[in-house]
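Protein chains in written order, with this note's numbering: chain S, 1 to 376; chain L, 377 to 769. Every residue, glycine too, gets a C-beta built ideally from N, C-alpha and C. If you're wondering where the values come from, they're calculated on a predicted model, not measured in any experiment.
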Amino acid sequence: MGLKIQPGVIGCAIRPSIASRDRSLEEIIYDTAQMALKDAGLTIDDIDGIAVGSNDQFDGRSISVMMASGSVGGVDRDIMSTPSGSEHAFILGALRVATGQFRTQLVVSWSPTEVSSMPEAQRLGNDPYFHRALPQDELSAHALQASALENAVPGARSAAEAVAAKNRAFGAAAFGDHGTAGKMRWPLTPGMTSEPVTGAVAMVLASPEFIAERWIKNVAWVQGMGWATEAAFLGDRDLTKAPALSAAAHQAYKMAGIANPDGAFGVAEMTDATPYSELLAYEALGLCHRNDWAARAADGTFGASGKLPVNPSGGVLTWNPVFCTGMIRIAEIAQQVRGLAGKHQIPGVKRGLAHAGSGFAMQYQAAVVLGQEARP
Amino acid sequence: MSGDRVGIIGIGQSAFRARRDDANYPELVREAVVMAMADAKMDFDAIEAVVYSLSPDAMVGIGNAERLGVDAVGGRMKPFLRINTGGATGISATAAAYYHVASGAFDVVLTAGADKVGECGDSQSVLNKIWDPSYERPLPLGTINMLAMSGVRYMQQYGMTEVDMARVTVKNRRHASLNHNAHLRKPVTIDEVLDSRIISWPIKLLDCCPQSTGGAALVLASEKYIRDNHLDAVWITGVAHTAETYWMGDRMGNNPTAEHSGAHALARSFERSYKMAGIKDPMKQVHVAELYAPFSNTEYHAIDSARLCGRNGESIQRLRDGEYELGGRIPVNPSGGTLCTNAIAVTAMARVAETALQVWGRAGAHQVEGARVGIASGNGGDHQIFGTMVIEA
Numbered sequence: 001m002g003l004k005i006q007p008g009v010i011g012c013a014i015r016p017s018i019a020s021r022d023r024s025l026e027e028i029i030y031d032t033a034q035m036a037l038k039d040a041g042l043t044i045d046d047i048d049g050i051a052v053g054s055n056d057q058f059d060g061r062s063i064s065v066m067m068a069s070g071s072v073g074g075v076d077r078d079i080m081s082t083p084s085g086s087e088h089a090f091i092l093g094a095l096r097v098a099t100g101q102f103r104t105q106l107v108v109s110w111s112p113t114e115v116s117s118m119p120e121a122q123r124l125g126n127d128p129y130f131h132r133a134l135p136q137d138e139l140s141a142h143a144l145q146a147s148a149l150e151n152a153v154p155g156a157r158s159a160a161e162a163v164a165a166k167n168r169a170f171g172a173a174a175f176g177d178h179g180t181a182g183k184m185r186w187p188l189t190p191g192m193t194s195e196p197v198t199g200a201v202a203m204v205l206a207s208p209e210f211i212a213e214r215w216i217k218n219v220a221w222v223q224g225m226g227w228a229t230e231a232a233f234l235g236d237r238d239l240t241k242a243p244a245l246s247a248a249a250h251q252a253y254k255m256a257g258i259a260n261p262d263g264a265f266g267v268a269e270m271t272d273a274t275p276y277s278e279l280l281a282y283e284a285l286g287l288c289h290r291n292d293w294a295a296r297a298a299d300g301t302f303g304a305s306g307k308l309p310v311n312p313s314g315g316v317l318t319w320n321p322v323f324c325t326g327m328i329r330i331a332e333i334a335q336q337v338r339g340l341a342g343k344h345q346i347p348g349v350k351r352g353l354a355h356a357g358s359g360f361a362m363q364y365q366a367a368v369v370l371g372q373e374a375r376p
Numbered sequence: 377m378s379g380d381r382v383g384i385i386g387i388g389q390s391a392f393r394a395r396r397d398d399a400n401y402p403e404l405v406r407e408a409v410v411m412a413m414a415d416a417k418m419d420f421d422a423i424e425a426v427v428y429s430l431s432p433d434a435m436v437g438i439g440n441a442e443r444l445g446v447d448a449v450g451g452r453m454k455p456f457l458r459i460n461t462g463g464a465t466g467i468s469a470t471a472a473a474y475y476h477v478a479s480g481a482f483d484v485v486l487t488a489g490a491d492k493v494g495e496c497g498d499s500q501s502v503l504n505k506i507w508d509p510s511y512e513r514p515l516p517l518g519t520i521n522m523l524a525m526s527g528v529r530y531m532q533q534y535g536m537t538e539v540d541m542a543r544v545t546v547k548n549r550r551h552a553s554l555n556h557n558a559h560l561r562k563p564v565t566i567d568e569v570l571d572s573r574i575i576s577w578p579i580k581l582l583d584c585c586p587q588s589t590g591g592a593a594l595v596l597a598s599e600k601y602i603r604d605n606h607l608d609a610v611w612i613t614g615v616a617h618t619a620e621t622y623w624m625g626d627r628m629g630n631n632p633t634a635e636h637s638g639a640h641a642l643a644r645s646f647e648r649s650y651k652m653a654g655i656k657d658p659m660k661q662v663h664v665a666e667l668y669a670p671f672s673n674t675e676y677h678a679i680d681s682a683r684l685c686g687r688n689g690e691s692i693q694r695l696r697d698g699e700y701e702l703g704g705r706i707p708v709n710p711s712g713g714t715l716c717t718n719a720i721a722v723t724a725m726a727r728v729a730e731t732a733l734q735v736w737g738r739a740g741a742h743q744v745e746g747a748r749v750g751i752a753s754g755n756g757g758d759h760q761i762f763g764t765m766v767i768e769a
């Protein structure tokens, strides 16, 4: 698998938490799209096509892309929409640039919190006969996964506590102490999750030809990407493993020409819906076997001054705009590669790895490798 | 673009019905997938990625219901994502599958989905929720009265009558009677259409599409894969989308941003896909069309937008003259179209599938003689997001 044309990220707007209540969702989406265009030094007139990721249940609308088409500049443009995951919108945008039929793509995703009950909206995602009656929401699925891991992996609990502390510290350094303790669901304890917040993210992708023509120098090139899914029923899965992420990482590394991921990246962002999700990602991404979780979590391998800083943004444990957390991870890595990550910039990043997971106990998994080097 | 094309190598469609008590939602998806895989003479190991076609979740009553379809499409551990552009979803999913292949990322991609609109209770209640909760939802808008307003405007501008609308139904039902997969296959007369009860004037019951249940699936592959494996295929040579304003109020009043009688974004979408396919004169170069038209009046502005007539509104006289009939100059909706079958999540995929079958020469009793170039369209949202394709033998 290889892309005919290598897309590059040339603009990002990351808004992991939007507390203000004086802007409507349409205005938030408009603001975010415009911020990404400004970061790219473009206007909407430069955009050939748009890929949107949004979720009907969280938006409280059928076909939630409809409302946004004006806000993102979709009127009279080629616009497509995916509701399966925000990271899928990025993938779709990248594929469209890779065809050579589009020189640019604006990719936008958002996640509001106006729904009266997020767990109830999530519960609708279960089959109506078995899991909906449990009742299962995303937090309970994450908790089941955490419980399964604690049972299967000695030291998983202490490793998870260390990961949570690491990401909280990263988040506090990046954004100050905002204290979202999150809800508990055994064995998840305060600090292991964070409350859903309203957020939005936008990215601008472009072809090498467009980038050269505009003399754009600060580019995070898509070196590799992979995505895969597990089955829907938790009963059909081994929750102590993340085989879909292994499959996604295999695709991404193959495309990027990475034989050994250990030492290949200067920074990583992972979807730490819980610290257990991050631990599983370490292993599936080939960065740390489960037998070493406790030791690596304790010795700071993935901390600020470690071998591979993971989630310098503070991750989902810091800000949890539920639906768009996956694409935010990708945008964070793009900004790290471009040296524009702000207070949480890791010095000297040449290549980074983003992990996006979504659905019940991370049914959907994606891995994206971004770097400063365009392929020859 | 020889050597670099994307082909369709397998097609599966349900025999669409009002209800399918024998198959649950994933089983309907599976039914279409199995047919497409058999048509492509392929096993699941060859499928490298899957694009899932599902429009509003509320239609099947399950949030992100594509997750429950993962096994039905053989998607475990494979690249998998879903597309939703409302009624256009089926053609948008096919376009997404096309991009998967055309990007060079994959050689063989499956796109599939199903819907149970006939079992959802009231699709108009679901579709009312596509509008803004504060302004347009409480009117109450539905897709029928939305397009009834378009019909009234089309009447005013171009002189379409209720009889002209009935002519579309009569034509498409006659076509559907030849298509064993169509949902409404009983031929009707103009008087029967005119005598059917008014739903939202000028749209009467027999001017409306049904609420259908069934699935569809397509297997797409790269030209290299097709050549290397000596497969038969038809080719997607043009693909595009275009959207227009979300707000109905912006299409009416004194300063509309779009003319609600027509479908200017559909016309723009066709312009783009024609340009890609190198089609300069559709009236001469297109042999068959499957145009998404869920109500009889909307087939006219679809024909106008596809430039299968001269100026806008000319489609009315040409349809009276039989140009869009099977056996006519450019048959439109020889399958019976959306007017006779509407399982929303895959309706626009059925337009692609039927066009592919036509240019392949495999459409059966509703085959258009000698068709080599066909077009397909899909309309989504509140007549807002339009996908188009050119498919060639």
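Inset, instruction - Spell out a yes or no on whether the segment 430 to 445 of chain L and the segment 569 to 578 of chain L are touching, meaning 3 or more CB-CB pairs, one atom from each, closer than 8 Å. - result: no
Legend entry - Coil, strand or helix - THR461 of chain L by DSSP: strand
Legend entry - Beta-carbon neighbours of PRO128 of chain S, restricted to chain L and to distances below 8 Å: GLY437, ILE438
Inset, instruction - Could you say which of L:HIS606, L:ASP567, L:ILE506, L:ASN555 lies nearest to VAL539 of chain L if we only look at CA atoms? - result: L:ASP567
Inset, instruction - Would you kindly check if the distance between the Cβ of ALA361 of chain S and the Cβ of ALA141 of chain S is under 8 Å? - result: yes
Inset, instruction - Could you tell me whether any Cβ in chain L is nearer than 8 Å to the Cβ of HIS344 of chain S? - result: no
Inset, instruction - Please report how far the alpha carbon of HIS178 of chain S lies from the alpha carbon of MET652 of chain L, in whole angstroms. - result: 52 Å
Legend entry - DSSP state of TYR668 of chain L mapped onto helix, strand, coil: coil
Inset, instruction - Note down, in chain order, every chain L residue with its Cβ under 8 Å from the Cβ of ARG96 of chain S. - result: TYR475, SER479
Inset, instruction - Taking MET413 of chain L as part of the alpha helix (DSSP H), name the residues at either end of that continuous run. - result: Element bounds for MET413 of chain L: 401 to 416.
Legend entry - Proximity test, Cβ basis, 8 Å: GLU442 of chain L and chain S: Taking Cβ atoms only, chain S reaches closer than 8 Å to GLU442 of chain L, which makes this a yes.
Legend entry - Nearest-angstrom beta carbon gap, CYS12 of chain S and ALA206 of chain S [assumed within contact, 8 Å]: Not really, about 13 Å apart at Cβ, beyond 8 Å.
Inset, instruction - Note down, in chain order, every chain S residue with its Cβ under 7 Å from the Cβ of ASN755 of chain L. - result: What ASN755 of chain L touches in chain S: nothing, since even the nearest Cβ is about 12 Å away.
Inset, instruction - Indicate whether the contact test is met: 3 or more Cβ pairs, each with one atom in the segment 481 to 497 of chain L and one in the segment 104 to 115 of chain S, closer than 8 Å. - result: no
Legend entry - Residues, ordered as in the chain, of the segment 226 to 243 of chain S that lie near chain L by beta-carbon distance below 9 Å: GLY226, TRP227, ALA228, THR229, GLU230, ALA231, ALA232, PHE233, ASP236, PRO243
Inset, instruction - Excluding the 5 residues preceding and the 5 following LEU607 of chain L in the sequence, name in chain order all residues of the same chain whose CB lies nearer than 6 Å to its CB. - result: ILE385
Inset, instruction - Compare the C-beta of HIS617 of chain L with all C-beta atoms of chain B and state if any pair is closer than 8 Å. - result: As a matter of chain content, chain B is missing from the structure shown, whose protein chains are S and L.
Legend entry - Interfacial residues, the segment 315 to 343 of chain S to chain L, with Cβ spacing under 8 Å: none
Legend entry - Secondary structure of GLY614 of chain L, DSSP reduced to three states: When DSSP states are grouped into helix, strand and coil, GLY614 of chain L belongs to the strand group.
Inset, instruction - Compare the C-alpha of MET225 of chain S against each of L:LYS454, L:ALA394, L:ASP447 and name the closest. - result: The option with the nearest alpha carbon to MET225 of chain S is L:LYS454.
Legend entry - Identified DSSP bridge partners for PRO432 of chain L: Note: PRO432 of chain L sits in no beta bridge, so no partner.
Legend entry - Bridge-paired residues (DSSP) for MET203 of chain S: S:CYS12, S:VAL107
Legend entry - Under 8 Å from the C-beta of LYS454 of chain L: neighbouring residues of chain S: Those within 8 Å of LYS454 of chain L in chain S are ALA228, THR229, ALA247.
Inset, instruction - Assign PHE671 of chain L to one of two classes, buried (16 or more other C-beta atoms within 10 Å of its C-beta) or exposed (fewer than that). - result: buried
Inset, instruction - Identify, in the order they occur along the chain, each residue of the same chain with its Cβ nearer than 6 Å to the Cβ of LEU3 of chain S, setting aside the five sequence neighbours on each side. - result: ALA98
Legend entry - Neighbour-count burial assignment, GLU768 of chain L, 16 or more Cβ in a 10 Å radius: buried
Inset, instruction - Look at the alpha carbon of ALA752 of chain L and the alpha carbon of ALA164 of chain S, and state the distance between them as a whole number of angstroms. - result: 52 Å
Legend entry - Per-residue contacts from GLY300 of chain S into chain L (C-beta, under 9 Å): Within chain L, no residue comes near GLY300 of chain S; the closest Cβ sits about 33 Å away, beyond 9 Å.
Legend entry - From L:ALA408, L:TYR401, L:ARG393, L:MET418, residue whose alpha carbon lies closest to that of ASN605 of chain L: Residue L:MET418 is the option with its Cα nearest to ASN605 of chain L.
Inset, instruction - Tell me GLY371 of chain S's beta-bridge partners as DSSP assigns them. - result: S:TRP221, S:ARG351
Legend entry - DSSP-derived helix/strand/coil call for ILE574 of chain L: strand
Inset, instruction - Tell whether a beta-carbon distance below 8 Å holds between TYR474 of chain L and LEU596 of chain L. - result: yes
Inset, instruction - Tell me, please, whether the CB atom of VAL766 of chain L is closer than 8 Å to any CB atom in chain S? - result: no
Inset, instruction - Spell out whether any CB of chain L is found under 8 Å from the CB atom of LYS254 of chain S. - result: no
Legend entry - Environment of SER378 of chain L [buried if 16+ CB atoms lie within 10 Å]: For SER378 of chain L, the predicted model reports a pLDDT of 46, less than 50, meaning its position is unreliable and no value from the coordinates is stated.
Inset, instruction - Below 8 Å on the Cβ atoms is my guess for ALA665 of chain L versus LEU642 of chain L; work out the distance and round it to an integer in Å. - result: Contact check for ALA665 of chain L and LEU642 of chain L: beta-carbon distance about 12 Å, past the 8 Å limit, so the pair fails to qualify.
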